[in-house]
Amino acid sequence: MKLSHMATAVALVVAGSAAMAGEVEVLHWWTSGGEAKSVGELKKIMQAKGDTWKDFAVAGGGGDNAMTVLKSRVVAGNPPAAAQIKGPAIQEWAAEGVLANLDPIAKAEKWDSLLPKAVADGMKYKGNYVAVPVNVHRVNWMWASSDVLKKSGVKSMPTTWDQFFADADKIKKAGFIPVATGGNAWNDFTTFEPVALGVGGVKFYNDAFVKLDPKALNSPAMKKSLETFRKLKGYIDQGAVGRDWNLATAMVIQGKAGFQFMGDWAKGEFVAAGKVPGKDFLCAAAPGNAGSYTFNVDSFAMFKLKDAAAQKAQADLAVAIMSPEFQEIFNLNKGSIPVRLNMDMSKFDDCAKLSAKEFVETAKSGGLVPSVSQDMALKPAMTGALKDVVSQFWNDDKMTPETAMTNMVKATSNQ
Ligand code: GAL
Numbered sequence: 068m069k070l071s072h073m074a075t076a077v078a079l080v081v082a083g084s085a086a087m088a089g090e091v092e093v094l095h096w097w098t099s100g101g102e103a104k105s106v107g108e109l110k111k112i113m114q115a116k117g118d119t120w121k122d123f124a125v126a127g128g129g130g131d132n133a134m135t136v137l138k139s140r141v142v143a144g145n146p147p148a149a150a151q152i153k154g155p156a157i158q159e160w161a162a163e164g165v166l167a168n169l170d171p172i173a174k175a176e177k178w179d180s181l182l183p184k185a186v187a188d189g190m191k192y193k194g195n196y197v198a199v200p201v202n203v204h205r206v207n208w209m210w211a212s213s214d215v216l217k218k219s220g221v222k223s224m225p226t227t228w229d230q231f232f233a234d235a236d237k238i239k240k241a242g243f244i245p246v247a248t249g250g251n252a253w254n255d256f257t258t259f260e261p262v263a264l265g266v267g268g269v270k271f272y273n274d275a276f277v278k279l280d281p282k283a284l285n286s287p288a289m290k291k292s293l294e295t296f297r298k299l300k301g302y303i304d305q306g307a308v309g310r311d312w313n314l315a316t317a318m319v320i321q322g323k324a325g326f327q328f329m330g331d332w333a334k335g336e337f338v339a340a341g342k343v344p345g346k347d348f349l350c351a352a353a354p355g356n357a358g359s360y361t362f363n364v365d366s367f368a369m370f371k372l373k374d375a376a377a378q379k380a381q382a383d384l385a386v387a388i389m390s391p392e393f394q395e396i397f398n399l400n401k402g403s404i405p406v407r408l409n410m411d412m413s414k415f416d417d418c419a420k421l422s423a424k425e426f427v428e429t430a431k432s433g434g435l436v437p438s439v440s441q442d443m444a445l446k447p448a449m450t451g452a453l454k455d456v457v458s459q460f461w462n463d464d465k466m467t468p469e470t471a472m473t474n475m476v477k478a479t480s481n482q
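Okay, so the sequence shown: first residue is 68 according to this note's numbering, each after it adds one.
Right under this line is the structure:
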């Protein structure tokens, strides 16, 4: 080939790939150590495809800040290519007409056969895919520092609330903080949820938080749940107000605190700090939570875009998220389990294996319930109303359980 011809050929190839490669702007709230490592894996996969990753990270566990920022961007007519949106909020965004139809990709990639049906249904609006799921997080976990338990004479993870408080007393006596917790409305409900599920059981949880039945919201089981929740407050430290969840996890990692109630994104923090499950830290269902599983499926909704290169990059992102490579590496870092069915779990630790086993078992037994605190059960406005009441109760020691229950019924009455 003559040199000039070669130059033309090279120029064509370069021009071709430049036209294919696009920028993908991704809004998320994964800014803690473990979370940032996990999302970094997605960035790497996208860059390997030749796409440009534009990070749109808005800090704040649970994503409340991120959702506020997203709204203003969409209202301004300038949405990102993808945003971390999950649960019933997917339907609300789709109803606004701003989400892209991913069916051509979903059909080509056979998503219907690769996902549990209930998860796939949640990603669709009027039968069309508008979002892609990333993982399954279990929320009703309790994490513990092996060191603190040992030094306090606690031999195993407590399985009942009575046992938990007895152990928490021992930890306090030994000079440690029994429970590490963050302090904001999202974190408060994340702690309250396994208390209510453990105290009241699955039927009560569903009636109260999924069906918003006033008889369950104002009931002896709710009263006992609130009392247990308040008792728990006697075991946290003064510095909890305003603290981020990952800083609470750090207290367990550093052997300052015994327990934390948090979803398994906390495991992402332990692992990022080089800690080994079963050795340095322990995982178990929260007291009274064995046989039930509060699930939290993270997902990315894709927005309608005009530019062809951006659309191509967005499609690359959707394909990447569902790929077995991504599902493995991301979830190994994130603390969650793959949402894609039939994945090889051999590289995962025992906490993840337990989660995978119990996800399947509780789906059969009826113990699998959507996490309210992680926006899986209710429309965002309703979740927000419940979170506010629980947070007010947590922060105001004078508020009676009766007042909190009346407020819960009031706050959720105009569904
Ligand atoms: C949840 C999200 C998790 C986790 C957590 C803390 O809402 O689903 O992936 O990152 O927030 O930021």
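The C-beta atom is built at its ideal place from N, Cα and C for all residues, glycine as well. Given the structure is predicted, the values throughout are model-derived calculations rather than measurements.
- request: Pick helix, strand or coil for Y360, following the three-state DSSP scheme.
  value: On the sequence shown, residue 360 is found 293 positions in, with the first residue counted as 1. Strand.
task: Given a cut-off of 8 Å, decide if A167 and M369 are closer than it, judged by their beta-carbon atoms.
output: Against the sequence shown, residue 369 aligns to sequence position 302. Against the sequence shown, residue 167 aligns to sequence position 100. In contact: M369 and A167 (Cβ atoms closer than 8 Å).
task: Please work out which residues of its chain come closer than 6 Å, Cβ to Cβ, to D464, disregarding the five sequence neighbours upstream and downstream, and give them in chain order.
output: Here the question's residue 464 lines up with position 397 in the sequence shown. Sequence-distant Cβ neighbours of D464 in its own chain, meaning closer than 6 Å and more than five residues away, do not exist here.
- prompt: Does DSSP put V81 in a helix, a strand or coil?
  reply: Mapped onto the sequence shown, residue 81 falls at position 14. Bear in mind that the predicted position of V81 carries a pLDDT of just 42, short of 50, making it too unreliable to give a figure here.
- prompt: Q151 bridges to which residues according to DSSP?
  reply: Here residue 151 is taken as the residue at index 84 of the sequence shown, counted from 1. When DSSP reads this structure, Q151 sits in a beta bridge with F367.
field: Top-ranked residue by Cα proximity to N313, from G322, G335, E294, T295
entry: Along the sequence shown, one-based indexing puts residue 313 at 246. If you compare the alpha carbons of G322, G335, E294, T295 with that of N313, the shortest gap goes to G335.
- prompt: What alpha helix (DSSP H) runs, 4 residues minimum, are completely inside the stretch 247-312?
  reply: Qualifying alpha helix (DSSP H) stretches, in chain order: 252-272, 281-284, 287-300.
- prompt: Of all the options E92, M113, G127, which has the alpha carbon lying nearest to the alpha carbon of G100?
  reply: Here the question's residue 100 lines up with position 33 in the sequence shown. Closest by alpha carbon: G127.
message: Check whether the stretch 274-284 and the stretch 459-477 are in contact - that is, three or more C-beta pairs closer than 8 Å.
response: Because the criterion of three Cβ pairs below 8 Å is met, the stretch 274-284 and the stretch 459-477 touch.
- request: Starting from the Cα of M410, find the closest Cα among L94, S105, D118, P183 and give me that residue.
  value: For the purposes of this step, residue 410 is taken as residue 343 along the sequence shown, with counting starting at 1. Of the listed residues, the one whose Cα sits closest to M410 is P183.
query: Span of the alpha helix (DSSP H) holding N400?
result: Looking up residue 400 in the sequence shown gives position 333. If you look at N400, you'll find it in the alpha helix (DSSP H) that goes 391-401.
- prompt: Would DSSP call F348 helix, strand or coil?
  reply: Taking the first residue of the sequence shown as position 1, residue 348 is located at position 281. For F348, the three-state secondary structure derived from DSSP is strand.
message: I'd like to confirm something about G128: is its beta-carbon nearer than 7 Å to some heavy atom of ligand 1, or not?
response: Looking up residue 128 in the sequence shown gives position 61. Correct: G128 has its Cβ closer than 7 Å to ligand 1.
- request: Evaluate N398 with the Cβ neighbour count: other Cβ atoms within 10 Å of its Cβ, from every protein chain shown; 16 or more gives buried, anything less gives exposed.
  value: For the purposes of this step, residue 398 is taken as the residue at position 331 of the sequence shown. So N398 counts as buried.
query: Is K191 helix, strand or coil when you go by DSSP?
result: Indexing the sequence shown from 1 puts residue 191 at position 124. Shown here, K191 sits in a strand according to DSSP, grouped into three states.
task: With DSSP as the reference, label V439 as helix, strand or coil.
output: Numbered from 1 along the sequence shown, position 372 holds the residue referred to as residue 439. Three-state result, V439: coil.
message: I'd like the span of the beta strand (DSSP E) that includes W208, first residue to last.
response: Here the question's residue 208 lines up with position 141 in the sequence shown. Start and end: 208-212.
field: Assumed close pair A444, V203 - CB separation to whole angstroms, cut-off 8 Å
entry: Here residue 444 corresponds to residue number 377 of the sequence shown, with the count starting at 1. Here residue 203 corresponds to residue number 136 of the sequence shown, with the count starting at 1. A444 to V203, Cβ: 15 Å. No contact.
N-terminal and C-terminal residue of the beta strand (DSSP E) that R140 is part of: Reading the sequence shown from its first residue, position 73 is the one you call residue 140. R140 -> not in any beta strand (DSSP E); alpha helix (DSSP H) instead, spanning 131-142.
field: CA-to-CA distance, F256 to K401, given in whole angstroms
entry: Position 334 of the sequence shown, counting from 1, holds the residue named residue 401. Position 189 of the sequence shown, counting from 1, holds the residue named residue 256. When rounded, the distance between both Cα atoms is 21 Å.
- request: Please list, in chain order, all residues of the same chain as W178 whose beta carbon is under 7 Å from its beta carbon, the five residues on each side excluded.
  value: Here residue 178 is taken as the residue at index 111 of the sequence shown, counted from 1. Cβ contact annotation for W178 (same chain, cutoff 7 Å, sequence separation greater than five): A187, Y196, M389, in chain order.
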